[in-house]
Amino acid sequence: MTEATTPNALVVMSREVFERQFDDTRIARLRRLATVPDPVFTDDLDDLALRDRLSEVEVLLTGWGAPRLDAERLDRLPKLRAMLHCAGSIRPQVSDEFWERGIRAASVADVNAAPVAEFTLAAVIFAGKKAPFIAADPASRRLNGLQAERFGELSNFGRTIGVVGFSRVGRRVVSTLQQLDDVTVLVADPYADPAEIAAAGGVHTPLEELLPRVDVLSLHAPELPATRHMIGTEHLAVLRDHATVINTARGSLIDTEALEHECAGGRLNAILDVTDPEPLPEDSPLYRLPNVMITPHLAGSLGSELFRMTDAALDELERYAAGEPLWEEVTLDALQLSA
């Protein structure tokens, strides 16, 4: 543990995000934890009027809309020692120069995982009952539950759920799914510890063995070159008839054209909170299919949930100022395997 300090801090994110994440209460807490001369916030690190302000900053609290911290911007921040990210992935903000200068980083991605896992649980339950698909199909919604099985069996009992990616969200999903009766949760992740998967209630299973066994396939892998279209034609083809594909992670994990083909034929269903591209073109057939539910990236933190992320980042600032270890410190090695 190092000596406690009162670091000079600045908030950097888009104006819209700042206004949603920092109310008077949270700005007051920020000022108690750090030295915060005006301005408290900027959305432009290239503003020459901020040169003197930036020269004293030790800690940046960043968020959605914050620029990449390249060599030129870091030169204007000679005293910068830490970046505390009030959102999920720090990938858009950090650069090689950031790591080379030994700057520390922390993210509240684990906090942001909570609403995504909640959304995914709801999607799995709705997928079991085929509720969004029946609601979107005029013929099916006029039938009673014993007749409305056009999209598959209507049940959440004894289901097998496939989770691809034992990420922050993935492990939360595995745990929350245990509240369903007689559920089997198979988890595909080559980097995960099988013992940790088992402790959460899942069964470590290679992807090729998982796919033909599941009623629902839920994706939680990071967006990396190696994961682009990790679910393609050959993977979708081995899923059971009427299986539902859920994606609350990144649209690029699925080959969109392959998914369009399977859903248009009625063999598979899909619940997509992310797509590739995002948004889809207006003429995408996926918009018109009753067995596909598309939402505009709603699963992550929104509304009052944003304050939970701010509070977590301020908790990290409190630990930093006290000379204590950061709770969610991000390293370069860890970033290479995460979102």
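So the number in the working numbering is just where the residue sits in the sequence shown, counting from 1, plus 1333. Every residue, glycine too, gets a C-beta built ideally from N, C-alpha and C.
Buried or exposed: residue i, going by 16 or more other Cβ atoms within 10 Å of its Cβ?
| i | result |
| --- | --- |
| D1616 | exposed |
| E1405 | exposed |
| G1598 | exposed |
| A1490 | Checking the sequence, you will find Phe at residue 1490 rather than Ala. By the neighbour-count rule (16 or more Cβ atoms within 10 Å), F1490 is not buried but exposed. |
| E1361 | Position check: residue 1361 holds Ala in this sequence, whereas Glu was assumed. With fewer than 16 Cβ atoms within 10 Å of its Cβ, A1361 is classed as exposed. |
| Q1426 | buried |
| A1603 | buried |
| E1567 | exposed |
| L1381 | exposed |
| W1432 | exposed |
| I1522 | One point to set straight first is that residue 1522 is Asp, not Ile, in the sequence displayed. Flag for D1522 reads buried. |
| A1678 | Outside the displayed span of the chain (1334 to 1672) sits residue 1678, for which this structure offers no information. |
| W1660 | exposed |
| S1637 | exposed |
| D1648 | buried |
In this structure, does DSSP put residue i in helix, strand or coil?
| i | result |
| --- | --- |
| T1581 | coil |
| L1676 | Residue 1676 is absent from the model: the chain starts at 1334 and stops at 1672. |
| F1640 | helix |
| L1650 | helix |
| E1405 | helix |
| T1493 | strand |
| I1627 | strand |
| L1519 | strand |
| L1586 | helix |
| A1399 | coil |
| V1502 | helix |
| R1677 | Since the displayed the chain opens at 1334 and closes at 1672, residue 1677 lies outside it and no answer follows. |
| V1392 | strand |
| H1562 | coil |
Please state if the CB of residue j and the CB of residue i are separated by a distance shorter than 8 angstroms.
| i | j | result |
| --- | --- | --- |
| L1572 | L1552 | no |
| R1359 | V1392 | no |
| L1543 | N1580 | no |
| E1430 | L1407 | yes |
| Q1354 | M1642 | yes |
| A1399 | G1421 | no |
| A1450 | R1505 | yes |
| G1565 | D1548 | no |
| A1554 | H1537 | no |
| V1444 | L1510 | no |
Relative to the alpha-carbon of residue i, which residue among the options has its alpha-carbon at the smallest distance?
| i | options | result |
| --- | --- | --- |
| C1419 | D1429, A1646, Y1653 | A1646 |
| A1591 | R1384, E1649, D1609 | D1609 |
| E1556 | L1601, P1340, M1642, S1500 | S1500 |
| V1373 | D1380, V1345, A1382 | V1345 |
| A1447 | P1411, A1582, V1547, T1560 | A1582 |
| R1492 | Q1669, T1509, V1518 | V1518 |
| V1520 | V1497, T1628, V1369, A1468 | V1497 |
| H1630 | P1612, D1644, R1437 | P1612 |
| L1622 | D1377, P1465, I1458, V1457 | P1465 |
| T1368 | T1338, A1531, I1467 | T1338 |
| L1366 | A1654, A1667, G1534, L1394 | A1654 |
| D1379 | R1364, G1396, L1402 | L1402 |
| H1594 | V1663, A1570, Q1512, H1537 | A1570 |
| T1453 | K1412, S1637, R1424, A1632 | A1632 |
Need the endpoints of the alpha helix (DSSP H) that residue i sits in, please.
| i | result |
| --- | --- |
| L1387 | 1384-1387 |
| N1445 | 1442-1462 |
| H1418 | Careful: H1418 lies outside any alpha helix (DSSP H), inside the beta strand (DSSP E) at 1415-1418. |
| V1344 | From DSSP, V1344 is part of no alpha helix (DSSP H) but of the beta strand (DSSP E) over 1342-1345. |
| S1473 | 1471-1474 |
| P1545 | First-last for P1545: undefined, no H or E at that position. |
| I1360 | 1357-1366 |
| L1479 | Neither: L1479 is in no alpha helix (DSSP H) and is coded neither H nor E. |
| A1337 | It is not in any alpha helix (DSSP H) - A1337 carries neither H nor E in the DSSP assignment. |
| D1666 | 1665-1668 |
Give the range of the beta strand (DSSP E) segment to which residue i is assigned.
| i | result |
| --- | --- |
| L1325 | Residue coverage of the chain in this structure runs from 1334 to 1672, which leaves residue 1325 outside it and unanswerable. |
| A1576 | Where A1576 is concerned, there is no enclosing beta strand (DSSP E), given that its DSSP letter is neither H nor E. |
For chain C, check one thing: does any of its Cβ atoms lie closer than 8 angstroms to the Cβ of residue i?
| i | result |
| --- | --- |
| V1571 | Note that chain C does not occur in the displayed structure, where there is just one protein chain. |
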